[in-house]
Amino acid sequence: MNKSFLAMTAVSMVFSAALLSTGCRSVPMTDRSQLMLTSSAYENRLGAESYAEYKKQFRQSSNAEYNAALARVGAAVKAAAPENDFEWEFVVFDSATQNAFCLPGGKVAVYSGLIDRMNNEAELACVVSHEVAHAIARHSGERMSWSQLRTLGAIGLDLGLDNNAVNEIYGTGTEIGVMLPFSRSNEAEADQIGQLLMARAGYDPRASIQFWTRFSEGKSASTLGALLSTHPCDADRIAALNASLPTAAAVYNHAAVRRGFGTVFTR
Ligand SMILES: [Zn+2]
30 MNKSFLAMTA VSMVFSAALL STGCRSVPMT DRSQLMLTSS AYENRLGAES
80 YAEYKKQFRQ SSNAEYNAAL ARVGAAVKAA APENDFEWEF VVFDSATQNA
130 FCLPGGKVAV YSGLIDRMNN EAELACVVSH EVAHAIARHS GERMSWSQLR
180 TLGAIGLDLG LDNNAVNEIY GTGTEIGVML PFSRSNEAEA DQIGQLLMAR
230 AGYDPRASIQ FWTRFSEGKS ASTLGALLST HPCDADRIAA LNASLPTAAA
280 VYNHAAVRRG FGTVFTR
């Protein structure tokens, strides 16, 4: 038995033990089994740190209508969300950027430029629920986990070959708080969870189709929303939202409070 074989065996044993003990999680509301090697406490801390940086960079919007709408949507979505360890915060940033996000731990921001593109509160609920769905499904933690797995796998292969390579592989930064596009499957899952979440929160889920259809149409290179660069929207996505609508509509019909499309924004 040579040294590299022993090293690889040791790495794979540590690996398997880690995967068996903490490596899997079931995504709330979809029950998909996902790889999870990070802790939610760690993700939430990174999320809070990143949120603090955003709040230094952007002013809170002074638009009373937008702030009140996000406060209502935030309270409703928070109440409808599955059990979590979040310390929720919701803010409207004063910026023409058409974007929104929810960092791990329930740190939500919607840019006023995006609300300018919305007709009503239910469309805001659609976007907030979609972003919150990414956090509930811990898509950032999942991405970090795959990144760690690839790193560990590469170390396993490099042991016994060239130890300098190990040093090069280490030091890959975390990917939380960086607005990287999620994978197509993460997007589809966030749409599915988000549509159910907005329905549970008492908003008419048809607003999800109305918003994404209108937002993705009529765009030009110069007005392409930042939201679309991280959340590509195409015919497949709209078709999937239409396919899941009956389920979401049934949830909406049983919601404790039904708000319809909520407040219509005045402009
Ligand atoms: Zn998304």
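Under our numbering, the letters of the sequence shown match residues 30 to 296, in that order.
Cβ coordinates follow ideal geometry from the N, Cα and C atoms, glycine included.
Query: When L226, C262, F240, H159 are compared against D145, the one with the closest alpha-carbon; Result: F240
Query: Between the CA atoms of V161 and F87 - distance to the nearest angstrom; Result: 20 angstroms
Query: Cβ-heavy atom distance, N128 to ligand 1, below 8 angstroms; Result: no
Query: 3-residue-minimum beta strand (DSSP E) runs that sit fully inside the region 90-130, ordered along the chain; Result: 118-122
Query: Closest residue to S124 among N92, V106, S169 (Cα-Cα distance); Result: N92
Query: Length of the line joining the Cα atoms of G103 and R243; Result: 23 angstroms
Query: Any non-hydrogen atom of ligand 1 within 8 angstroms of F211 CB; Result: yes
Query: Supposed contact pair V137 and E118 - C-beta distance, whole angstroms, cut 8 angstroms; Result: 7 angstroms
Query: heavy atom of ligand 1 below 8 angstroms from A219 C-beta; Result: yes
Query: Cβ neighbours of Q177 in the same chain (closer than 6 angstroms, five flanking residues each side left out); Result: L66
Query: Counted within 10 angstroms of its Cβ, other Cβ atoms place H260 as buried (16 or more) or exposed; Result: buried
Query: 7 angstroms CB neighbourhood of L99 in its chain, flanking five on each side removed; Result: F119, V121, V139, L153
Query: Bounding residues of the alpha helix (DSSP H) (the contiguous stretch that carries V156); Result: 150-165
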